[in-house]
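Step one of this worksheet: look at the structure below.
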Amino acid sequence: MHSTPERLTRPFFDRSVHEVAPELIGATLLVGGVGGVIVEVEAYHHTDPAAHSYRGRTDRNAVMFGPAGYAYVYRSYGIHWCLNFVCEGEGSAAAVLIRALQPVSGLAAMRRRREMSDERRLCAGPGRLCEALAVTHGHNGSRLDRPPFALYARTEAVEVAAGPRIGISKAVERPWRYGVAGSRFLSRPFKGRG
DNA sequence: TATGAGATCAACT
DNA sequence: GTTGATCTCATAC
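In numbering that gives the first Met the number 0, the protein residues as written are 0 to 193.
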């Protein structure tokens, strides 16, 4: 074993979402001991027309308006769950959408929940990731530095690619998607190099 | 490899 | 009544 990875706590998230998002690439996310290395995220901010918080606080997005370091979970297209990490200070309504993991821990549990064995697609996409890690609305508003969540800073430098976000119809041009260029575990490749 | 439809529901207009 | 920060399966090349 090498050095013990640094555990990410609330101060880590209490910064600009555009600082936090790229730094999450390469970090390790576990939910109940199941998870892996974050390889793809997207940043959202309340000044951003594509963000849920853009039109102000509602019952659904209330967690985004709270303090940093909490999980914001919402239902997407009536079917999937999507996991976000709330960033910046209270009222800033910024969050990072976790889009893809490289599976590392709890492969058997993930395969059982996803009913598939293909490691590349176990967590390649926000909906898939939540299914593999058993993240549901019940995790909405949970602290990220308390069980079942566990987050660890990356231990090695990674080259972070940026590009346009996926699946949105507003502010499409903002390059607020970050990830490991060329990773086999992305929901979709980054344009340019790969 | 690419494109398209269906699934399914809560928020929002 | 319409719209998604999506995924899967089917069909077409």
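All residues carry an ideal CB built from backbone N, CA and C; glycine is no exception.
*Keeping to the same chain, check which residues put their C-beta closer than 8 Å to that of Gly193; ignore five residues upstream and five downstream.*
Numbered from 1 along the first sequence, position 194 holds the residue referred to as residue 193. With a pLDDT of 43 at Gly193, under the threshold of 50, the modelled position of this residue cannot be trusted; read the value that follows with caution. Here the set comprises Ala180, Gly181.
*Collapsed DSSP secondary structure at Leu7 in the structure displayed*: The sequence position of residue 7 within the first sequence is 8, counting from 1. Correct three-state label for Leu7: coil.
_For the beta strand (DSSP E) containing Arg162, name the first residue and the last one._
Position 163 of the first sequence holds residue 162. Looking at the sequence itself, residue 162 is Gly, so the reference to Arg does not match. That run of the beta strand (DSSP E) goes 159-162.
_Own chain partners of Cys129 with C-beta closer than 8 Å, once the 5 adjacent residues on each side are dropped_ = Position 130 of the first sequence, counted from the first residue, corresponds to residue 129. Closer than 8 Å at the Cβ level, and outside the excluded window around Cys129, lie Val72, His79, Trp80, Cys81, Leu82, Thr135.
*Since I believe Phe64 is in contact with Arg54 (beta carbons under 8 Å), could you give me their beta-carbon distance rounded to a whole number of angstroms?*
Position 55 of the first sequence, counting from 1, holds the residue named residue 54. Position 65 of the first sequence, counting from 1, holds the residue named residue 64. At roughly 12 Å, the Cβ-Cβ gap does not stay under 8 Å, so Arg54 and Phe64 are not in contact.
*Near Glu5, what residues of its chain come up, given a Cβ to Cβ distance below 7 Å and the 5 sequence neighbours on each side ignored?*
Translated into positions along the first sequence, residue 5 becomes position 6. These residues qualify, in order along the chain: Tyr151, Ala152.
*Thinking C-beta only, is Val38 closer than 7 Å to Phe184?*
The count along the first sequence starts at 1 and reaches residue 184 at position 185. The count along the first sequence starts at 1 and reaches residue 38 at position 39. Yes.
*Hey, is the region 140-159 in contact with the region 24-36, meaning 3+ C-beta pairs nearer than 8 Å?*
yes
*Taking Val16 as part of the beta strand (DSSP E), name the residues at either end of that continuous run.*
To locate residue 16, count along the first sequence from 1; it is residue 17. Careful: Val16 lies outside any beta strand (DSSP E), inside the alpha helix (DSSP H) at 16-23.
*Where does Phe12 sit, in a helix, a strand or coil, going by DSSP?*
The residue labelled residue 12 in the question sits at position 13 within the first sequence. Note: Phe12 maps to helix in three-state DSSP.
*asked:* Quick check on the DSSP output: the beta strand (DSSP E) that includes Ala99 runs from which residue to which?
replied: Taking the first residue of the first sequence as position 1, residue 99 is located at position 100. Start and end: 93-104.
*asked:* Which runs of the alpha helix (DSSP H) at least 4 residues long sit entirely within the region 45-131? Give them in chain order.
replied: As far as the region 45-131 is concerned, its whole alpha helix (DSSP H) runs of at least 4 residues are 106-113.
*List the whole-angstrom C-beta distance separating Leu100 from Gly35, where the pair is believed to meet the contact cut-off of C-beta under 8 Å.*
If you number the first sequence from 1, residue 100 lands on position 101. If you number the first sequence from 1, residue 35 lands on position 36. Confirmed, about 4 Å.
*When the Cα atoms are used, what is the spatial distance from Arg187 to Arg14?*
Working through the first sequence from its first residue, we reach residue 187 at position 188. Working through the first sequence from its first residue, we reach residue 14 at position 15. Approximately 27 Å between the Cα atoms of the pair.
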